[in-house]
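**Q** Under UniProt numbering, think of the first position of the sequence shown as 1, with each following residue one higher. First, the structure itself, so that you have it in front of you.
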Amino acid sequence: MYSSNPPLDTFEPPNSTLNGASHLDDRITTVTIELSEPVVRKSFENFIENLLWEKNISSTDGEPIIVMRLKGFVRFLGDDSVFTIQGVNELYDLTIVPKAHLDRFRSQALRLIFIGRNLCSSTLYNALQECITV
Numbered sequence: 001m002y003s004s005n006p007p008l009d010t011f012e013p014p015n016s017t018l019n020g021a022s023h024l025d026d027r028i029t030t031v032t033i034e035l036s037e038p039v040v041r042k043s044f045e046n047f048i049e050n051l052l053w054e055k056n057i058s059s060t061d062g063e064p065i066i067v068m069r070l071k072g073f074v075r076f077l078g079d080d081s082v083f084t085i086q087g088v089n090e091l092y093d094l095t096i097v098p099k100a101h102l103d104r105f106r107s108q109a110l111r112l113i114f115i116g117r118n119l120c121s122s123t124l125y126n127a128l129q130e131c132i133t134v
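This is the structure:
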């Protein structure tokens, strides 16, 4: 049976490594970013839109970060809900997690898994850190 809602355990990092090139095309890499504090929703949405739509966030070598796939979860400041995020190329969707499943998301406020080209973990982490404050 097909479901557009992925199982919650798909947001667990892989056992091998959180960052690295494990794809057939070595230009495609994976980066996982985790934060312990909730983010400001408007700042987070601006970050995602700048990253996916405008492509104006660059790696340390100046090349634009190209996200092919994005998934994870996020908590927003002032909101008790948890949202999953799914992204493919320039499209993304935030979906609220049912209250019955919130206990699976206690340890962190945000975990995002990026798959793409020119990914730079420090650039992505710093940009997301800026989403913590208003």
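All C-beta atoms in this analysis are idealised placements derived from N, C-alpha and C, irrespective of residue type, glycine included. Since the model is a prediction, treat every value here as computed from it, not as a measurement.
1) Using CA atoms only, rank isn't needed, just tell me which of Val82, Gln86, Thr30, Ile113 is closest to valine 97.
2) If you reduce the DSSP assignment to three classes, tell me which class isoleucine 48 lands in.
3) By Cβ distance below 7 Å, which residues in the same chain neighbour asparagine 50 in space, the five residues on each side in sequence not counted?
4) Quick one, which of Thr123, Arg117, Thr84, Ile113 has its alpha-carbon nearest arginine 104's?
5) Out of Ala109, Met68, Asn126, Asp80, state which residue places its alpha-carbon closest to the alpha-carbon of glycine 87.
6) If you draw a straight line from the alpha carbon of glutamate 130 to that of serine 43, how long is it in whole angstroms?
7) Taking C-alpha atoms, which residue in Val39, Asp25, Arg27, Thr30 lies nearest to threonine 133?
8) When DSSP labels each residue in this structure, what does lysine 55 get in the three-state scheme?
**A** Short version:
1) Val82
2) helix
3) Closer than 7 Å at the Cβ level, and outside the excluded window around asparagine 50, lie Asn56, Ile57.
4) Ranking the options by Cα distance to arginine 104, first place goes to Thr84.
5) Met68
6) 8 Å
7) Val39
8) coil
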